[in-house]
Amino acid sequence: MEESVWKPLNLHGRNGQRKYLNLIERDAFLRASEILPHKKRLFCYVLACTGCRISEALALSPSNLDVAESVIIIESLKQRRRGVYRVVPAPKELIDLLLEISDDRPFFDFSRTTAWRFVKRVMKEAGIEGESNSMPKAFRHCFGVAHAQAKTPPHLMQRWFGHAKIETTNIYLDAVGDEERAFARTIWPSFSDIE
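Quick note on this note's numbering: the sequence shown kicks off at 10 and runs consecutively.
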């Protein structure tokens with residue numbers, strides 16, 4: 010019997026392209042989401058603000074909100090068993106808007122395929138067309154990279170992602186960002202003499 014080897018997540022695709030959106034792309038996407046009906050637009054904001062998967066966002070209902078703590082309680086659907094939840098801080102404005110669109114039923118009444126299609130459509134509208142980073146999962150990766158660049162403690166990121174292993178979370182700490190460029194810049198030559 011062959012021993013399984015754990016492979017870490019990679020933030021770059023086969024061609025070296027990023028699999029994540031940077032914050033400029035994320036914000037362009039959210040602006041472009043104005044073309045969508047209200048519920049679908051809120052769905053996009055849930056993906057952007059929580060780093061959850063499409064199927065996890067579709068499962069959300071008012072019972073998944075803790076208004077007093079301003080958090081969204083997400084069932085981790087990639088775990089091997091049901092009933093594993095993670096608590097992710099969310100903007101109060103998003104929680105208020107979600108409460109306005111539903112009673113006791115799930116917030117979103119469309120399928121996973123429909124969600125995938127309209128997210129892809131808005132990405133195209135926003136000019137995000139790379140092979141790797143124009144996927145809905147790019148929001149999840151964006152969430153991780155942005156938190157790593159903001160120096161969010163890895164144990165909080167692990168909790169918000171619902172990762173069983175810290176090694177999975179640590180991949181986000183390896184993304185190229187401002188701090189990495191600042192270190193690299195210390196040895197770059199001057200280009201002022203080149204015309």
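Where is the CB? At the ideal position from N, CA and C, for every residue including glycine.
Here the structure is a predicted model, which is why all the values come from computation and not from measurement.
Residue i versus the options, residue with shortest Cα-Cα distance
i    : options                   : result
F52  : C151, L182, F117 and R90  : F117
M132 : P145, E78 and K48         : P145
S72  : T59, R126 and I83         : I83
A157 : K101, D183 and R126       : D183
L74  : I175, L106 and G171       : L106
V97  : H172, N179 and P198       : H172
R114 : A135, V128, H150 and L67  : L67
A99  : K174, A124, T59 and F192  : T59
R27  : K174, C151 and Q167       : C151
L45  : I196, R194, R126 and R90  : R126
R50  : S201, T161, I175 and R130 : R130
A41  : A77, V128, A124 and R149  : V128
Whole-Å CB distance - residue i paired with residue j, under 8 angstroms assumed
i    : j    : result
L103 : Y54  : 6 angstroms
R95  : W169 : 6 angstroms
P163 : T178 : 6 angstroms
Residue j beta carbon less than 7 angstroms from that of residue i
i    : j    : result
L86  : S64  : yes
Y181 : G153 : yes
Y29  : A147 : yes
I137 : E34  : yes
A57  : A135 : no
K101 : S79  : yes
L32  : A155 : yes
Start and end residues, beta strand (DSSP E) containing residue i
i   : result
V97 : Y94 to P98
Extent of the continuous alpha helix (DSSP H) run through residue i
i    : result
L165 : P163 to F170
G136 : Careful: G136 lies outside any alpha helix (DSSP H) and carries neither H nor E.
F148 : A147 to Q158
D36  : L32 to A41
I175 : I175 to N179
Quiz item: Where in the region 47 to 108 do unbroken runs of the beta strand (DSSP E), each at least 3 residues long, occur, reported from the N-terminal end onward?
Solution: 80 to 84 and 94 to 98
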